[in-house]
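The next block holds one structure in the form of structure tokens; read it before the comments.
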Amino acid sequence: MLSRLLSSIFCSVAVLLILTIAIPSPAAAGKLERGAYLAAIMDCTGCHTPGAMRGEPDMARYLGGSDTGFMMPGIGTFYPPNLTSDQETGLGRWSVEEIVDAIRSGVRPDGRALAPIMPFPSYAALTDEDAVALATYIKSLKPVSNKVPGPFGKDDAPTAPYLKPTMP
Numbered sequence: 074m075l076s077r078l079l080s081s082i083f084c085s086v087a088v089l090l091i092l093t094i095a096i097p098s099p100a101a102a103g104k105l106e107r108g109a110y111l112a113a114i115m116d117c118t119g120c121h122t123p124g125a126m127r128g129e130p131d132m133a134r135y136l137g138g139s140d141t142g143f144m145m146p147g148i149g150t151f152y153p154p155n156l157t158s159d160q161e162t163g164l165g166r167w168s169v170e171e172i173v174d175a176i177r178s179g180v181r182p183d184g185r186a187l188a189p190i191m192p193f194p195s196y197a198a199l200t201d202e203d204a205v206a207l208a209t210y211i212k213s214l215k216p217v218s219n220k221v222p223g224p225f226g227k228d229d230a231p232t233a234p235y236l237k238p239t240m241p
């Protein structure tokens, strides 16, 4: 009898723990929804998803880093990085706060500047709530292992396709 009672208690506690872990709070779900919306209207896919710059985004590697870069005359060639939670090639080791700071300031946690093509001056105007929602959404992305090429200095020859502006 005691054994059945203990089993019932154990099962009940296990179910409660699973439900607590598995069901996000409405606030957390709303934050992720808002972050997904912001990533869409800010067109993160356009630069950070493989194939997107060729009109063929590989959504299986959504925000996994671009295979097409931007050549910035006099500066170098930069490839938009992997934004997924991959620990080695993405932002998996960055905190939400570090992502927010980089989006707003254009500076990575290690002090290096992001490529000048990143529109961080515009993103600096994000509200605190929107910046955190975007960073929280980015942290929720499934990891995609994808090391992008580069960066390449102004005198280096890029090893992957890139876009080069032409001025009249």
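Counting the sequence shown from 1 gives a position; this note's numbering is that position plus 73.
Built from N, CA and C at the ideal position, the CB exists for glycine as well.
Handout entry: Classification of S168 by the beta-carbon crowding that lies within 10 angstroms, buried from 16 upward
Key = The count along the sequence shown starts at 1 and reaches residue 168 at position 95. By the 10 Å Cβ count, S168 comes out exposed.
Problem - Distance cut-off 6 Å: G226 Cβ against heavy atoms of the ligand FAD - result: Among the ligands in the structure shown, none appear at all, so the ligand FAD cannot be discussed.
Exercise for the section: Enumerate in chain order the residues of its own chain whose CB-to-CB distance from Q160 is below 8 Å, with the five nearest sequence positions on each side excluded. Expected result: The residue given as residue 160 occupies position 87 in the sequence shown. So the list reads R166, P216, once near-sequence residues are dropped.
Exercise for the section: Please confirm whether L111 and L214 have their CB atoms less than 7 Å apart. Expected result: By 1-based counting over the sequence shown, the position of residue 111 is 38. By 1-based counting over the sequence shown, the position of residue 214 is 141. It is not a contact, given that the beta carbons lie outside the stated cut-off.
Handout entry: Span separating the alpha-carbon of L236 from that of F143
Key = Position 163 of the sequence shown holds residue 236. Position 70 of the sequence shown holds residue 143. Their backbone Cα atoms lie some 5 Å apart in a straight line.
Practice task
Tell me, please, which residues DSSP counts as bridged to L199.
Solution key: As a first step, residue 199 is located in the sequence shown; it is residue number 126 there, counting from the start. DSSP, once it has assigned bridges, lists no residue as partnering L199.
Handout entry: G226 versus V205 - alpha carbon distance
Key = Position 153 of the sequence shown, counting from 1, holds the residue named residue 226. Position 132 of the sequence shown, counting from 1, holds the residue named residue 205. Answer to the nearest angstrom: the Cα atoms are 32 Å apart.
Problem - Which listed residue (P154, K104, M145, T239) has its alpha carbon closest to that of T118 - result: Working through the sequence shown from its first residue, we reach residue 118 at position 45. Closest by alpha carbon: P154.
Exercise for the section: My understanding is that I172 touches I114, with C-beta atoms under 8 Å, so please give their C-beta distance in whole angstroms. Expected result: Translated into positions along the sequence shown, residue 172 becomes position 99. Translated into positions along the sequence shown, residue 114 becomes position 41. Not a contact, Cβ separation roughly 18 Å.
Problem - Cutoff 6 Å; reference T162; Cβ partners in own chain excluding five residues on either side - result: Position 89 of the sequence shown, counted from the start, is the residue given in the question as residue 162. Cβ within range, chain order: N155, S218, N219, K220.
Handout entry: Where M240 falls, given that 16 or more other Cβ within 10 Å makes a residue buried
Key = To locate residue 240, count along the sequence shown from 1; it is residue 167. Exposed.
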